[in-house]
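Chemist:
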Amino acid sequence: MNANATVTNANETDITTDRLLPLRLFFVVLYALLFVVGLGNILVAIFILSHRIYSTVTNILILNLSAADTIYLLFLPLVISFKLQRTWNFGLIACKTFFISESTTKYSSVYFIALLSVDRYLSICFRKRNYRCQVTWTVLSTIIGWIMIASLMVPIYLNSRIIQISPTKTICTVAWPASSSSPRTNKDANYYGPEHYFTLYSFVFCFLIPALVIVFCYCRLIVHLFRAKKRIGQHRKQHRRNKSYNYVTKMVMMIVGCYLICWTPYWVMNLTLMFSNYPKIGLPARILFNIIHSLPYINCAMNPLFYTLFTTTFKEALKKSCFHGRWMRIAESNTNHEQHLL
């Protein structure tokens, strides 16, 4: 994570001008709405666990993705408080917890989305697979993913701290050891400190490589589906099975598309802030950075809507939960028809 591009760094992206109070309030309202909508991730997790359908590859990955999105959005109240009061009031432990949790969960999301893309590619292009082996490897992959990404984010935890920037104002930020010698102030414009290397390897391992995997899987998948459409004389049973697979594929494609749309500008902003030698950030740029910084939160809040849109069983369970006050099971035939979906 690029600390220079986060809302907790008032020097870079927080809109602190009094005349921009309406705009700051707009972001407060936006984050509050995203927090409420994002609670749908909890409903997704409850649905998967209560209906005992977490033994499929897709559902295991969606369960982990929902968990990551939930944890990421749970810290939005801290962001809202900072935007309203323009100071950090939660102490050092909360500061470190905020940064390590936010960075770990938002980077683990792309890992699980990449695994979902691989699962779609393998499920449609190579259907004759050992199902039990698939589930085992998926569980191991999710565990390894959480541990690996948390390990990559250790520098964030070690360097996150509270800085007093005025008698009445403190900020929670990531202060790198050599941040005082950054290209913005150092006479040597070619200087690169630990913050630059961290941003670069985070970009490569937490966005670029997963994005390339996603693009590869869907390019191959599109070619396969295009060839499959030319085949004639499919049985009705096979047609129903293909329809179920297509629903899952469309859902995953929506998740992938939303992720790339929301996160590509975020990384462009991060890299621009870190590697550009600019003397001062103007007001229009600050507004733009705040808008871009809200996109990852929008992405996490949108995912449950995709699950609802493409999953009949989840949609029906949600309706019954709202109108009858409890979760009710859906007909077995309906569940079996979409067992690979949720």
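Quick note on my numbering: the sequence shown kicks off at 1 and runs consecutively.
Virtual Cβ for every residue (Gly too), placed ideally from N, Cα, C.
1. Figure out for me which residue from Asn89, Ile149, Tyr201 and Cys133 has the closest Cα to the Cα of arginine 161.
2. For arginine 161, write down the residues that DSSP places opposite it in a beta bridge.
3. On the DSSP letters alone, give me the boundaries of the alpha helix (DSSP H) that leucine 200 sits inside.
4. Could you round the C-beta distance between serine 66 and alanine 45 to whole angstroms and report it? I think they count as a contact, below 8 Å.
5. DSSP on serine 276, reduced to helix/strand/coil?
6. Output the boundary residues of the alpha helix (DSSP H) element that contains leucine 116.
7. With distances taken from CA atoms, which of Tyr201, Leu221 and Lys96 is nearest leucine 116?
8. Could you check the C-alpha separation between proline 194 and histidine 51 for me, to the nearest Å?
9. Does threonine 58 pass the burial test, meaning 16 or more other C-beta atoms within 10 Å, or should it be called exposed?
10. At what residues does the alpha helix (DSSP H) containing threonine 70 begin and finish?
11. Out of Asn299, Ile292, Leu288 and Val248, state which residue places its alpha-carbon closest to the alpha-carbon of isoleucine 267.
12. Straight-line CA distance for leucine 25 to leucine 78?
13. Please confirm if the segment 106-126 is in contact with the segment 162-178, defined as three or more CB-CB distances below 8 Å between the two stretches.
14. With a 10 Å radius around its C-beta and 16 neighbouring C-beta atoms as the bar for buried, classify phenylalanine 350 as buried or exposed.
15. If you follow the alpha helix (DSSP H) that arginine 24 is part of, which residue opens it and which one closes it?
16. Apply the 10 Å Cβ neighbour rule to cysteine 219 and answer buried if 16 or more other Cβ atoms are within range, or exposed otherwise.
17. How about the segment 150-161 and the segment 101-112: do they share at least three Cβ pairs that are nearer than 8 Å?
Modeler: This is what the structure gives:
1. Taking only the C-alpha atoms, the option nearest arginine 161 is Asn89.
2. Thr173
3. First-last of the alpha helix (DSSP H) with leucine 200: 194-203.
4. 5 Å
5. Of the three classes helix, strand and coil, the one that applies to serine 276 here is coil, per DSSP.
6. Element bounds for leucine 116: 91-125.
7. Leu221
8. 47 Å
9. buried
10. 57-74 is the extent of the alpha helix (DSSP H) around threonine 70.
11. One detail in the question is off: residue 267 reads as tryptophan in this sequence, not isoleucine. Of Asn299, Ile292, Leu288 and Val248, the residue nearest in Cα terms is Ile292.
12. Taken atom to atom, the span from the alpha-carbon of leucine 25 to that of leucine 78 is near 15 Å.
13. Per the Cβ contact rule, the segment 106-126 is not in contact with the segment 162-178 (fewer than 3 Cβ pairs under 8 Å).
14. The requested residue 350 is not part of the displayed model; the chain covers only 1 to 342.
15. 21-38
16. Burial call: exposed.
17. yes
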